[in-house]
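Chains as they are written, first to last, in our numbering: chain A, 20 to 551; chain B, 20 to 551.
Here is the structure we will look at.
Protein chains: 2
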Amino acid sequence: MRFQQLLHVRRLASAGATTLVRRPITTTITTTGRTALAATHPAFTTTVRTMAGSGAPIPELTEITDNVQRGNYATLADKDVAHFEQLLGKNFVLTEDLEGYNICFLKRIRGNSKLVLKPGNTAEVAAILKYCNERRLAVVPQGGNTGLVGGSVPICDEIVLSLARLNKVLSVDEVTGIAVVEAGCILENFDQRAREVGLTVPLDLGAKASCHIGGNVSTNAGGVRVVRYGNLHGSVLGVEAVLANGQVLDLMSNFKKDNTGYHMKHLFIGSEGTLGVVTKLSMLCPHSSRAVNVAFIGLNSFDDVLKTFVSAKRNLGEILSSCELIDERALNAALEQFKFLNSPISGFPFYMLIETSGSNGDHDEEKINQFIGDGMERGEIQDGTVTGDPGKVQEIWKIREMVPLGLIEKSFCFKYDISLPLRDFYNIVDVMRERCGPLATVVCGYGHLGDSNLHLNVSCEEFNDEIYKRVEPFVYEYTSKLKGSISAEHGIGFLKKDYLHYSKDPVAIGYMREMKKLLDPNSILNPYKVLN
Amino acid sequence: MRFQQLLHVRRLASAGATTLVRRPITTTITTTGRTALAATHPAFTTTVRTMAGSGAPIPELTEITDNVQRGNYATLADKDVAHFEQLLGKNFVLTEDLEGYNICFLKRIRGNSKLVLKPGNTAEVAAILKYCNERRLAVVPQGGNTGLVGGSVPICDEIVLSLARLNKVLSVDEVTGIAVVEAGCILENFDQRAREVGLTVPLDLGAKASCHIGGNVSTNAGGVRVVRYGNLHGSVLGVEAVLANGQVLDLMSNFKKDNTGYHMKHLFIGSEGTLGVVTKLSMLCPHSSRAVNVAFIGLNSFDDVLKTFVSAKRNLGEILSSCELIDERALNAALEQFKFLNSPISGFPFYMLIETSGSNGDHDEEKINQFIGDGMERGEIQDGTVTGDPGKVQEIWKIREMVPLGLIEKSFCFKYDISLPLRDFYNIVDVMRERCGPLATVVCGYGHLGDSNLHLNVSCEEFNDEIYKRVEPFVYEYTSKLKGSISAEHGIGFLKKDYLHYSKDPVAIGYMREMKKLLDPNSILNPYKVLN
């Protein structure tokens with residue numbers, strides 16, 4: 020339903036609403052939808068010195084560009100390769116054409132691994148790690164290689180341990196909603212299997228067609244459904260992880276309630292493969308919603324954005340499933356670069372994408388219409404579109420998802436992924452705009468407002484050291500002063516390890532090091548990551 | 020609305036529904052409600068050799084009855100007391116009338132502590148632990164002392180560290196829903212403060228009027244809202260914990276998304292005060308629901324119970340907030356002991372209490388009526404009551420909450436708190452009934468069906484060693500074979516530490532010990548608990 024129509028209904032009961040002009044979504048928007056976008060990962064998170072995308076050049080070796088001191092590890096020998104060939108079979112021991120495993124999704128990091136291993140089960144993963152630990156060979160676990168902080172590629176010559184063959188959904192229980200899945204299963208495939216019995220995986224992100232669920236868990240992936248389903252620490256019921264020494268740690272509780280001893284599984288959720296390799300997990304999957312509605316609305320101020328968010332939480336309550344913010348400059352960047360996009364509204368400083376998912380379409384429509392009508396009457400919402408048509412829902416999501424790509428399509432872009440208190444959420448964009456002045460072409464903000472997660476972007480024609488100095492470490496210091504998070508959802512990996520102290524105090528970092536020593540005393544697992 | 024009325028409406032559209040007799044809730048039920056029940060904790064979890072309740076005798080010292088070998092700790096000296104008096108002030112150093120701190124809620128465990136310390140802030144907690152660690156004095160952290168496995172009382176002469184004075188709600192942000200609270204705040208007070216700004220604490224349990232939120236977090240408390248809001252690992256955003264050596268570990272992220280390093284806060288959620296003392300925490304509080312409805316229904320078979328649960332998940336979806344099971348014998352035990360209770364229905368082998376909470380009362384009522392009508396027409400639901408009246412809602416909850424008390428009122432009761440696969444959920448009750456034969460007066464099951472959490476009860480006139488042998492370790496072996504949890508929500512504490520291996524494998528237990536060594540090398544924190 021367009022707002023015009025909605026407003027008409029409201030006017031029957033109420034006078035004084037302002038006149039709004041309907042701006043329908045044009046039918047020229049392609050309807051390939053969210054899934055098709057998966058290969059073009061929408062966001063990245065730190066200073067990017069190399070343009071991402073298929074056309075970007077192959078980067079130099081990171082060991083050289085970043086002056087990395089190789090750890091004191093053994094060097095791969097022929098006998099090692101022979102050992103692994105005997106263990107896995109020759110087909111699953113790769114020594115050639117390793118570029119896709121060595122280079123990160125953003126083409127920012129390039130390692131120099133000479134060996135990729137593709138075990139087929141947990142026992143093989145365990146045997147590989149036991150051998151590598153005894154031989155002091157460094158290993159980088161790799162899922163779909165869609166990470167954005169260089170966490171899943173080698174930095175020097177680490178052996179790549181690909182989980183791609185552990186790709187089975189082992190069980191989905193439609194009664195309890197509990198699914199058991201191997202780590203290398205692609206998120207979209209897992210979700211598809213869950214949907215066959217009326218469930219859904221409580222995690223959705225741009226890379227879903229290629230990322231692995233084990234990688235999602237290892238990085239505590241966020242995405243656009245956290246506002247509804249919470250983070251993976253709540254959804255993941257159990258994990259099986261192989262430790263550096265080859266021991267299999269079975270923490271595979273398949274129940275919502277299990278208070279038997281320390282809850283160690285959480286150490287493997289978000290530790291980015293530095294404490295162990297997740298090989299299997301169980302997850303609580305909610306029932307898939309029968310009805311999905313999306314509103315795309317224009318607002319005049321960030322104050323109105325906040326009021327609208329509170330109203331959405333109160334009035335949409337249990338059916339609110341996404342609450343995204345896009346500022347004017349961010350939207351325009353997408354619209355300028357991708358002419359096939361057409362925003363249903365324009366001319367506002369702020370836009371919000373609000374999605375509801377529920378079990379009763381009529382109820383949900385009534386709630387969202389009431390919410391929008393109230394917001395319009397209070398003057399907080401200016402204009403917009405609301406739709407429950409699946410094709411149109413995808414079209415609106417596409418606008419949101421093309422924003423990050425629009426910002427890097429023809430520009431260099433400094434990108435940050437931070438959590439900030441909502442009351443201060445947008446200030447940093449204004450502050451940064453002033454700091455950068457005319458040196459920057461675009462300074463904008465968008466992101467997961469519902470989770471206090473801002474993607475701050477500073478674009479310029481090409482990498483500019485003067486801007487770099489104005490932006491960093493200022494952005495981290497600013498975030499730290501507000502006790503925010505310098506990496507909201509993408510992790511630390513290789514690219515942010517020097518900034519960890521802005522979000523964690525020395526005592527906490529000290530105990531992280533102790534955990535690492537305890538679980539991986541020879542530091543063979545994913546070196547050069549998380550802790551510096 | 021009673022089912023009669025509901026059915027009448029349904030009949031207008033559908034023929035063939037069976038005739039149901041309305042059995043209204045009598046008005047003789049007292050309406051003191053859930054909160055008033057808090058002091059009488061409804062459930063306990065393991066073999067109880069001493070009757071709980073105000074009339075139960077003071078137990079013998081546990082060190083003697085359970086033949087506990089005191090650890091190699093220093094013995095409290097006058098100089099220690101003097102030191103603490105100087106640190107905290109004499110008012111907060113107790114050396115007399117310590118019974119309430121030494122004896123557990125169930126009057127099963129009795130320690131012999133000579134000293135209770137009541138620090139007023141984190142720095143004092145840190146100073147106490149630093150001193151105790153250097154002096155090798157053992158310490159038991161204590162919240163509201165409502166735990167059910169003897170985790171929060173001394174076993175020998177440990178110093179009791181009461182968190183009762185750290186009782187402030189520091190902030191509640193109605194926009195983000197994030198609250199920051201000190202560990203000693205009583206759950207109900209915390210919830211009341213949250214409700215003042217339209218939020219609610221996503222945790223509700225019988226002991227809410229006396230338990231502390233820090234104790235809830237330290238034990239990963241479950242309760243009756245897990246089916247809606249998930250467990251505390253998802254809701255708790257950050258913790259501040261004091262380690263055994265007095266170091267303050269600040270893991271106080273106040274954001275839903277924060278992927279900066281290892282997620283160590285989870286080590287303090289559910290480790291029962293053995294790894295550190297939680298002093299402060301931040302929690303995500305959802306908006307409180309405008310409408311609450313409760314249905315109390317009778318069913319003919321456990322198969323119908325399961326079908327009804329699946330139907331509730333599908334049709335009530337996002338508004339389902341509780342799904343409890345009570346079998347006939349459990350209900351009757353409550354009704355026989357507490358004559359003020361009146362069940363609206365009777366004569367069925369199974370009963371379910373299904374609660375919805377939502378943002379729109381009309382929508383919710385329509386959903387629950389539809390759900391019940393469908394269940395009746397399919398023959399899965401036989402009879403019942405549904406109400407949205409707050410007083411009636413409390414009356415129905417009271418029936419559920421008096422069940423555990425009914426079972427211990429005049430009997431000895433072997434009680435177990437286990438998670439089991441839903442398909443096998445109730446079998447163990449039948450199996451146990453057969454094993455115990457006429458030796459047991461009642462063998463019954465009830466609990467949080469929505470979380471696969473069964474409370475299995477075996478009652479007899481007094482403690483009976485023959486029954487004990489028939490029940491244990493059989494119940495743990497049975498649970499273990501189904502890969503269930505031998506402690507779903509109450510933890511391990513002192514009473515279950517010998518059974519931990521039924522739910523955790525040796526490798527996992529080994530690493531738990533390593534975690535304990537790392538964080539509390541002198542083992543001064545809550546000894547004799549969790550790990551044996």
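Glycine residues also receive a C-beta, built at the ideal position from the N, C-alpha and C atoms.
{"query": "For B:Glu-82, verify whether its CB is less than 7 angstroms away from any heavy atom of the ligand ATP.", "result": "Absence of the ligand ATP from the depicted structure is noted, as is the absence of any ligand whatsoever, leaving it without description."}
{"query": "Please report the straight-line C-alpha distance between A:Asn-476 and A:Pro-423, rounded to a whole angstrom.", "result": "9 angstroms"}
{"query": "In the stretch 143–196 of chain A, which residue ranges form an unbroken alpha helix (DSSP H) of at least 4 residues, counting only runs that do not cross its ends?", "result": "none"}
{"query": "Which residue from A:Asp-323, A:Gln-413, A:Ile-505 and A:Lys-548 puts its Cα closest to that of A:Asn-312?", "result": "A:Gln-413"}
{"query": "Give me the residue from B:Val-526, B:Asp-539 and B:Ile-486 with the minimum Cα distance to A:Leu-268.", "result": "B:Val-526"}
{"query": "Are the C-beta atoms of B:Ser-438 and some chain A residue less than 8 angstroms apart?", "result": "yes"}
{"query": "Would you decide whether B:Asp-408 is buried or exposed? Buried here means 16 or more other CB atoms lie within 10 Å of its CB.", "result": "exposed"}
{"query": "Tell me A:Glu-129's beta-bridge partners as DSSP assigns them.", "result": "Inspection of the sequence shows that residue 129 of chain A is occupied by Arg rather than by Glu. A:Arg-129 pairs with A:Ile-122."}
{"query": "What's the gap between the Cα of A:Leu-350 and the Cα of A:Asp-402?", "result": "16 angstroms"}
{"query": "Which residue marks the beginning of the alpha helix (DSSP H) containing A:His-382, and which one marks its end?", "result": "380–396"}
{"query": "In chain A, which residues lie with their C-beta within 8 angstroms of the C-beta of B:Ala-507?", "result": "Phe-274, Lys-276, Asp-277 and Asn-278"}
{"query": "Would you report the Cα separation of A:Arg-89 and A:Pro-173, rounded to the nearest angstrom?", "result": "11 angstroms"}
{"query": "Indicate whether at least one CB of chain B lies closer than 8 angstroms to the CB of A:Arg-333.", "result": "yes"}
{"query": "For the stretch 368–377 of chain A and the stretch 300–319 of chain A, state whether three or more C-beta atom pairs, one from each stretch, are separated by less than 8 angstroms.", "result": "yes"}
{"query": "Would a check of beta-carbon distances place B:Asn-164 closer than 8 angstroms to chain A?", "result": "no"}
{"query": "Going by DSSP, what residues sit across from B:Gly-317 in a beta bridge?", "result": "B:Tyr-370 and B:Asp-402"}
{"query": "Under the DSSP definition of a beta bridge, which residues are partnered with A:Glu-337?", "result": "None, per the DSSP bridge assignment."}
{"query": "Can you check DSSP and say which residues form a bridge with B:Gly-257?", "result": "B:Ser-301"}
{"query": "Taking A:Met-534 as the query, report the chain B residues whose CB atoms sit under 8 angstroms from its CB, ordered along the chain.", "result": "Tyr-281, Met-283 and Leu-537"}
{"query": "Report yes if the C-beta distance between B:Phe-431 and B:Phe-357 is below 8 angstroms; otherwise report no.", "result": "no"}
{"query": "Less than 8 angstroms between the C-beta atoms of A:Leu-399 and A:Leu-318, yes or no?", "result": "A small fix is needed here, since residue 399 of chain A is Glu in this sequence, not Leu. Yes, the Cβ-Cβ distance between A:Glu-399 and A:Leu-318 is below 8 angstroms."}
{"query": "Starting from B:His-102, trace the alpha helix (DSSP H) both ways and give me its first and last residue.", "result": "97–107"}
{"query": "Just tell me which of A:Ile-77, A:Asn-551 and A:Ile-147 has its CA closest to the CA of A:Leu-262.", "result": "A:Ile-147"}
{"query": "Buried or exposed for A:Ser-190, going by 16 or more other Cβ atoms inside 10 Å?", "result": "exposed"}
{"query": "Helix, strand or coil, according to DSSP, for A:Val-494 in the structure here?", "result": "helix"}
{"query": "Within a Cβ cutoff of 7 angstroms, which residues of the same chain sit near B:Leu-458, ignoring the five residues on either side of it in sequence?", "result": "Cys-479, Asn-483, Glu-485 and Ile-486"}
{"query": "Please list, in chain order, all residues of the same chain as A:Gly-257 whose beta carbon is under 7 angstroms from its beta carbon, the five residues on each side excluded.", "result": "Leu-270, Met-271, Ser-272, Asn-273, Lys-284, Leu-300 and Ser-301"}
{"query": "Please compile the residues from chain A whose C-beta is within a distance smaller than 8 angstroms of the C-beta of B:His-382.", "result": "Asn-379, His-382, Glu-385 and Lys-386"}
{"query": "Of all the CB atoms in chain A, is at least one closer than 8 angstroms to the CB of B:Gly-295?", "result": "no"}
{"query": "Can you name the residues of chain B whose CB is closer than 8 angstroms to the CB of A:Met-531?", "result": "Gly-280, Tyr-281 and Met-283"}
{"query": "Give the C-beta separation of A:Gly-241 and B:Lys-276 to the nearest angstrom, bearing in mind that I take them to be a contact with Cβ-Cβ under 8 angstroms.", "result": "5 angstroms"}
{"query": "Quick one: is B:Ser-504 near chain A, going by C-beta distance under 8 angstroms?", "result": "yes"}
{"query": "Any beta carbon from chain B within less than 8 angstroms of A:Ile-511's own beta carbon?", "result": "yes"}
{"query": "Mind checking which residues open and close the alpha helix (DSSP H) that includes B:Cys-230?", "result": "That residue, B:Cys-230, is in no alpha helix (DSSP H); it is neither H nor E in DSSP."}
{"query": "Between B:Ser-237 and B:Ser-290, which are expected to be in contact by the criterion C-beta below 8 angstroms, what is the C-beta distance as a whole number of angstroms?", "result": "7 angstroms"}
{"query": "Suppose the cutoff is 7 angstroms on Cβ atoms and the five residues either side in sequence are ignored; what does the same chain contact list for A:Leu-538 look like?", "result": "Leu-262, Ala-263, Leu-294 and Gly-295"}
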